[in-house]
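Working notes, beginning with the structure itself.
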Amino acid sequence: MFFVLCSSFALADANDVCSGASTMTVGTSNHGLINPQGDIDWGKWYVSSPGRLTVTLDVPSSKDYSLAVYSSCSQRVCLSGRGTGLDETCVIDVQPGYYYTKVWGDYNQWSDYYRHYIATRLEVAPEPDRYDFVVGSIQPTISNPTTEDSFNINYDVRNNGPDDFYGSFGTTLYIDGVNKGTITRSGSFNSGTTQSFTKYGVQLSAGSHSIRVVADSSNQADETNEGNNEKTIYISVSAPAPPQYDLVVERITPSIQFPTAGVPFNIDYVVRNNGQDRYTGSFRTTMYIDGNIDSSVPRTDISAGGTEMFTKYNVPLTEGRHLIRIITDSSNEVSETNEYNNERTLYIDVVAPELPEYDLILESITPSIQFPIAGEPFDIDFIVKNTGSDGYPGSFTTQLYIDDVLKATSPRTDISSGGTEAFTRRDVVLTEGRHLARVLTDTGD
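Numbering of the sequence shown is given in the numbering used here, commencing with residue 220 and proceeding in unit increments.
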């Protein structure tokens, strides 16, 4: 927007030299006379603001005057000499300071009776809008990324100028000097406000990297400060820390504390991951008995702090002491934080089996006639009893002798603990006198 200052007052006799020019006010109209031939009127005008200065000279009718404007007494910036009867005009762009006007008559075409009028008008250009784009923060979403991380970079631009910006501007992100893309925003960018941007899916190699953001990277905005449009940060990217696994044999537990020789039992054993990370691969756990491989079991996937249980079924061992040794990760498939705690040993004492307790005795021998008669038959009953604590499931033989002569052999099977078996020898005929009846049981051992 332009504005014009105007006023009018009579001019005193003008000075004939620049250094003695009278000071006049811009925006006023002033009059004077050219008295003798060769008279020169100098005026001095102070311009307070940059803009466009128009100097007009209203020449008396049928006279021929010339107009010149100077930025200093020795530096002419405009000359207007159109000819007889024509008004003169100079239009110049000015900065704050003093300017000088010079008026004179040409070819005896002057007048000391008719006034000439000189006026100035300053058109002040409006101040340009003032914008100032600065990069605020540059913030990776992961503060210490590794080479395996994909992260975003958030950054923002602020209009620090006092005026709102209307138009479009681009903001460019550089990583290690390489242009990673320009985002163009259009519309209004109000004073004191911030616009946010994001670069997605950034993945970098190990080392230090520069992140540089340049606002108004195409110089579309005429800013008050063109030297503060960018910002740079550095981020360090590391190789990922190796996963931490640590497989240990936590315990070995036989299903029978003191197993009996020849009697099968089970052996349970547990592997724990004492590391901080889950192991998703495969590993093998091997059991040795007395230094010989008994079994090797593969497993996969064990969480941090998690356990895997194994069972070896139906282990038969001989009497004596035996060494049970369990080694996990026995094929070295797992890269562990401690490779020296993968095994555990346990000694198992195997006892001899307890022998069954049988005890066969002859409980009684009873003739059917207390005093038999010579030549007359009678029976002899006898009873075998198992007084042992265990039942006998096998066979045994019981024999009857009379006078050391075998008279009967009776086989039997299966006699329980405390049980009895009854036998009878019928029709025994003896001669007169004393005879010895003897019964032997389990005669076949």
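Even for Gly, the Cβ is constructed at its ideal location relative to N, Cα and C. Values in this document were obtained by computation on a predicted structure and should not be read as measured data.
Query, Result
"Close Cβ partners of A641 (< 7 Å) along its chain, the five nearest in sequence each way excluded", "D600 and I602"
"Residue from R644, T643, V648 and Y419 whose Cα sits closest to the Cα of A593", "V648"
"Inside the segment 536-620 only - alpha helix (DSSP H) runs reaching at least 4 residues", "none"
"Proximity to S427 [Cα-Cα], best of Y326, S457 and G239", "S457"
"Backbone secondary structure at S238 - three-state DSSP", "helix"
"Contact under 8 Å by Cβ, I634 with G610", "yes"
"Residue span of the beta strand (DSSP E) that contains P381, given as start and end", "Careful: P381 lies outside any beta strand (DSSP E) and carries neither H nor E."
"Residues of its chain near G316, where Cβ-Cβ distance is below 7 Å and the 5 sequence neighbours each way are ignored", "V266"
"N-terminal and C-terminal residue of the beta strand (DSSP E) that G316 is part of", "G316 to G324"
"Beta-bridge partners of E508, as assigned by DSSP", "Sequence inspection shows Ile at residue 508; the Glu mentioned does not correspond to that position. Beta-bridge pairing links I508 to N511 and I543."
"Simplified DSSP assignment, three categories, for Y332", "coil"
"Where K626 falls: helix, strand or coil (DSSP)", "strand"
"Beta-carbon gap between G262 and S238 smaller than 8 Å", "no"
"For F523: DSSP bridge partner residues", "The residue asked about is misnamed: residue 523 is Ala in this sequence, not Phe. Answer is none; A523 lacks a bridge partner."
"Same chain, Cβ closer than 6 Å to D520, neighbours up to 5 away in sequence not counted", "T499"
"Beta-bridge pairing of C297 - partner residues as DSSP gives them", "V288"
"Span of the beta strand (DSSP E) around T275", "G270 to D277"
"Contact belief for V433 with T391 at Cβ below 8 Å, rounded distance in angstroms", "5 Å"
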